[in-house]
Ligand SMILES: Cc1cc2nc3c(=O)[nH]c(=O)nc-3n(C[C@H](O)[C@H](O)[C@H](O)COP(=O)(O)OP(=O)(O)OC[C@H]3O[C@@H](n4cnc5c(N)ncnc54)[C@H](O)[C@@H]3O)c2cc1C
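In the working numbering, the protein residues as written are 81 to 534.
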């Protein structure tokens, strides 16, 4: 009899597990309460990057004279057309994911799922309640924006990230609370649309967990664009009236604007999942702790994606889903490589774009580990000059004894695409010489990778 695999939550983690497990022969049921594709398609990765692309097109139009074009009036934003574009992209992605799941005979149920016991899952649908027996269960219910008790988003002037695609009106002056990846992407997005932006930065650097040199490059760009940085300040309250908002900070400063946007992290969707009924442990933060096979403390119940408390990235959730499918089908003994979260590439879609992978210079320094660091600025790249954008650099970290690539950071145009070369090198244990010896296309930005690997 086929393995009965029930998945609760149809975002990147759930979808990936479903397709892979079905391909490997499992009988898969995927329960999704909202839309297949998950928050990743509806609220997070996709609409944010689509809005950033629109902002990028506007910035490009503003810089058109750099390309030898006449400086005509730049285009104005059409929010209705933008909204339609976001819906269109989400619709296309949804259809292609559903087609893929259907092609693998995954049963999809639109409803709210929860555990009733270790091997029973209950689904509440519009038509009633269905009970499913499962040999293995995956919980991949994702997360939602964190809303502090001092703030009530109204979707008009005080927004969560989910209320910003696009907001009812483009803010004249947006105060962004939170300077992690999400916060800085929204700063970039709205300043490209022409909004004035103030950013509340709780530490002394934006992107507090990133390489200081990388964060400094972004801060320089923000300051050049007139973004006001409130460093070392924590928001503790928001006054919201018909004329605008004022964000109160713990150091006594106040940031006034027309709108405020909250970007202070996420909380996992673990309530109402029946975890106690199945004996599944949950952490104080609400995540389901997992081992290196993504198993919870109950061996046949897995957790993945944002619920698992590992790196909150779609790419990581999808890879966890693939590994879980292999484990559920008993394939982990053969040729199975554990997921190494330290080797996950990540990117920040600002201008300049930022991407990194593997060991960071500051971490190597903190560990007292000897490394070789080589860095090349894009100012020396022919393609960067052709693009009229010579900002940024490529930095590669390698083992001085063996030449093995340990990590790297890229700041500059297309950094999120270019990092894949360093990511491949880090995952496959390639050496700097392997990158140097690659015969690359000229003129391209990727030539800077080979130069940095010299
Ligand atoms: C603004 C923003 C931008 C981001 N951009 C990127 C990016 O560019 N790249 C990247 O890699 N990551 C990005 N992320 C992170 C990424 O969106 C998440 O890591 C990813 O969505 C997590 O995937 P998931 O499968 O765990 O959950 P989700 O995508 O959240 O999907 C979970 C699904 O479970 C469903 N669900 C919940 N409870 C139940 C239930 N009881 N029954 C049935 N269904 C249920 C939900 O409806 C949802 O559809 C971004 C995040 C934010 C906030």
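Even for Gly, the Cβ is constructed at its ideal location relative to N, Cα and C. Since the model is a prediction, treat every value here as computed from it, not as a measurement.
Exposure label - residue 160; buried when at least 16 CB within 10 Å: As a working note, residue 160 is residue 80 in the chain shown. Counting Cβ neighbours within 10 Å, residue 160 comes out exposed, since fewer than 16 surround it.
Along the chain, where does the alpha helix (DSSP H) containing residue 441 start, and where does it finish? For the purposes of this step, residue 441 is taken as the residue at position 361 of the chain shown. Element bounds for residue 441: 441 to 447.
Are there three or more Cβ pairs, one per stretch, closer than 8 Å when the segment 428 to 444 is compared with the segment 122 to 138? yes
Opposite residue 571 in the DSSP bridges: which residues? The question about residue 571 has no answer, for the chain in this structure spans 81 to 534.
I need the boundaries of the beta strand (DSSP E) containing residue 253, first residue and last residue. As a working note, residue 253 is residue 173 in the chain shown. Residue 253 -> beta strand (DSSP E) spans 253 to 257.
Exposed or buried, residue 98, counting other C-beta atoms within 10 Å across all chains shown (16 or more means buried)? If you number the chain shown from 1, residue 98 lands on position 18. It is buried - the Cβ of residue 98 has at least 16 other Cβ atoms within 10 Å.
Can you check the segment 147 to 219 for any alpha helix (DSSP H) of at least 4 residues that lies completely inside it and give the ranges in chain order? 159 to 183
For the alpha helix (DSSP H) containing residue 136, list its first residue and its last residue. Here residue 136 refers to the residue found at position 56 when the chain shown is read from its first residue. Here the alpha helix (DSSP H) through residue 136 covers 125 to 142.
Roughly how many angstroms lie between the CA atoms of residue 191 and residue 349, to the nearest whole one? In the chain shown, the residue the question calls residue 191 occupies position 111. In the chain shown, the residue the question calls residue 349 occupies position 269. So the two alpha carbons sit approximately 15 Å from each other.
So, with DSSP's three-state summary, where would you put residue 478? Along the chain shown, read from residue 1 onward, the residue named residue 478 stands at position 398. In the structure shown, residue 478 sits in a strand (DSSP, three-state: E or B).
With DSSP run on the structure shown, which of helix, strand or coil describes residue 322? Here residue 322 refers to the residue found at position 242 when the chain shown is read from its first residue. Looking at residue 322 - three-state DSSP - the assignment turns out to be coil, as it is neither helix nor strand.
Exposure label - residue 155; buried when at least 16 CB within 10 Å: For the purposes of this step, residue 155 is taken as residue 75 along the chain shown, with counting starting at 1. By the 10 Å Cβ count, residue 155 comes out exposed.
Could you tell me the boundaries of the alpha helix (DSSP H) in which residue 223 lies? To locate residue 223, count along the chain shown from 1; it is residue 143. Segment 223 to 225 is the beta strand (DSSP E) holding residue 223; no alpha helix (DSSP H) there.
Less than 7 Å separating the Cβ of residue 305 from some heavy atom of ligand 3? Inclusion of ligand 3 in the displayed structure is not the case, the ligand content consisting of ligand 1 alone.
Just to check, is the beta-carbon of residue 436 closer than 7 Å to a non-hydrogen atom of ligand 1? Within the chain shown, numbered from 1, the residue matching residue 436 stands at position 356. Not under cutoff, so the answer is no.
Given that a residue counts as buried once 16 or more other Cβ atoms are within 10 Å of its Cβ, and exposed if not, what is residue 398? Here residue 398 refers to the residue found at position 318 when the chain shown is read from its first residue. Under this definition residue 398 is a buried residue.
Whether or not the segment 297 to 306 and the segment 326 to 339 are in contact is what I'm after, with contact meaning three or more pairs of Cβ atoms, one per stretch, closer than 8 Å; do they touch? no
Runs of alpha helix (DSSP H) wholly within the segment 445 to 474 (minimum 4 residues, chain order): Those alpha helix (DSSP H) runs which fall completely within the segment 445 to 474 and span 4+ residues are 462 to 466.
Measuring only the C-alpha atoms, how far is residue 445 from residue 322? Taking the chain shown and counting its residues from 1, the one referred to as residue 445 is at position 365. Taking the chain shown and counting its residues from 1, the one referred to as residue 322 is at position 242. Roughly 50 Å between the two C-alpha positions.
Is residue 125 a contact residue of ligand 1, with contact defined as CB to any heavy atom under 7 Å? For this step, residue 125 is matched to residue 45 along the chain shown. Answer for residue 125: yes, Cβ within range of ligand 1.
Where does residue 420 fall in DSSP's three states? Here residue 420 refers to the residue found at position 340 when the chain shown is read from its first residue. Three-state DSSP puts residue 420 in coil, outside helix and strand.
As assigned by DSSP and simplified to three states, the class of residue 496: Residue 496 sits at position 416 when you count from the first residue of the chain shown. Looking at residue 496 - three-state DSSP - the assignment turns out to be helix.
Taking 8 Å as the cut-off, decide whether the C-beta atoms of residue 394 and residue 92 are in contact. As a working note, residue 394 is residue 314 in the chain shown. As a working note, residue 92 is residue 12 in the chain shown. Cβ distance < 8 Å, so residue 394 and residue 92 count as in contact.
Mind checking who residue 435 pairs with in its DSSP beta bridge? Sequence index remark: in the chain shown, residue 435 carries index 355 (1-based). DSSP output for residue 435 lists 427 and 490 as bridge partner(s).
Between residue 219 and residue 89, is the Cβ-Cβ spacing less than 8 Å? Taking the chain shown and counting its residues from 1, one reaches residue 219 at position 139. Taking the chain shown and counting its residues from 1, one reaches residue 89 at position 9. Yes, they are a contact pair.
Does any heavy atom of ligand 1 sit closer than 7 Å to the C-beta of residue 92? Position 12 of the chain shown, counted from the first residue, corresponds to residue 92. For ligand 1, at least one heavy atom lies less than 7 Å from the Cβ of residue 92.
Opposite residue 382 in the DSSP bridges: which residues? On the chain shown, residue 382 is found 302 positions in, with the first residue counted as 1. According to DSSP, residue 382 bridges with 218 and 375.
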